[in-house]
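For the sequence shown, the working numbering begins at 156 and goes up steadily by one. Even glycine gets a Cβ: it sits at the ideal position worked out from N, Cα and C. Computed from a prediction, not measured in an experiment: that's the story for all the values here.
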Amino acid sequence: MPAHHPMGDYLRARRELVQPADVGLAPTGGLRRVSGLRRSEVALVAGISTEYYVKLEQGQETRPTDQVLDALSRALRLDATAKSYLYALARLVDEPEHPVSAPTVERTRWLIDSWPMTPAIILDRHSDIVAVNSLMSILIDGYRVGRNAVVVLLTDPALRELYVDWEGLSKRTIGLFRSRVGLHADRRTEQLIAELTRDSARFRELWNRHDIAGMTEGTHPMVHPRVGALNLHYAHLPLVGSDDHTIFLYYAEPGTHSEKALAELATLS
């Protein structure tokens, strides 16, 4: 198997998505053998030597300067999130594993259980579900302790029917998943990638693009089988004092149909 070089893999994937015209290069004659930019073209636009860029992709050079990273970000048309991810890949260091703070997670489980009108789950760094409150379990039946939220979203037909913009949500979720696990490859990450590659056509379509996304807050329109149309705001919050756990929650704007619908669902818990 080819060697795994996270930064090089990312650079290769991103240059394949950029066309010469995107960066102001004139088209060249003849058949192009690459789907995006050639290595030499990335190097030209970034103002570095082709030899140096090749070393970056092949993992022979692993400590580019901030100036080089900035130039590559411009050449590959990276947005702020993708640029930040490139910087993180370039500064990877081996970190010791820290045990999960069980009391922190347990207290947070008590907290979300006390929210009668706020569907919420607790996720670990792999998006494995470690806690679900009663309203979330009614809102989304597939979200259960021990399951993986990314796997559920991409493979459960009920969620494809639930989310109005499932296509956009699935793309952002895969980008968020990569941003969370791409810097900390481990056995669980490998298991999830293998499972999703096997079971999800959407994952196979998007994973190798190396898209990066952040989802801290926003709105998800839904059509729920029990209460109909919902327009719920969401928040994705870090859980301080834990091993990279997060809280994902939904809430409704006061006085709206969505608030009334959540209240109706809450009576079923």
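The count of Cβ pairs closer than 8 angstroms, one atom from the region 287-307 and one from the region 231-242, stays below three, leaving the stretches out of contact. The straight-line gap separating the alpha-carbon atoms of Phe358 and Leu308 is approximately 11 angstroms.
The continuous alpha helix (DSSP H) containing His412 extends over residues 412-421.
Within the same chain, Ile276, Tyr298, Arg299, Val300 come within 7 angstroms of Val287 by CB-CB distance, once the 5 residues on both sides are set aside. The residue from Arg327, Asp164, Thr236, Glu414 with its alpha-carbon nearest to that of Leu294 is Glu414. The beta carbon of Leu324 is closer than 8 angstroms to those of Leu308, Tyr318, His375 in its chain, skipping five residues each way along the sequence.
Of the other Cβ atoms in all chains shown, fewer than 16 fall within 10 Å of the Cβ of Met272; this residue is therefore exposed. Contact annotation: Phe403 and His391 have beta-carbon atoms nearer than 8 angstroms.
Assignment of Met162 by DSSP, reduced to helix, strand and coil, places it in the helix class.
A direct Cα-Cα distance of roughly 13 angstroms separates Ala407 from Glu372. Between the region 337-349 and the region 198-214, the count of C-beta pairs closer than 8 angstroms stays below three; the two stretches do not touch. Cβ-Cβ distances below 6 angstroms link Leu227 to Ala201 in the same chain, with the five nearest sequence neighbours on each side left out; the list follows chain order. Annotation: the continuous beta strand (DSSP E) that includes Gly373 extends over 372-379. Per DSSP, reduced to three states, the secondary structure at Pro393 is strand.
Counting along the chain, Ile402 sits inside the beta strand (DSSP E) bounded by residues 401-406.
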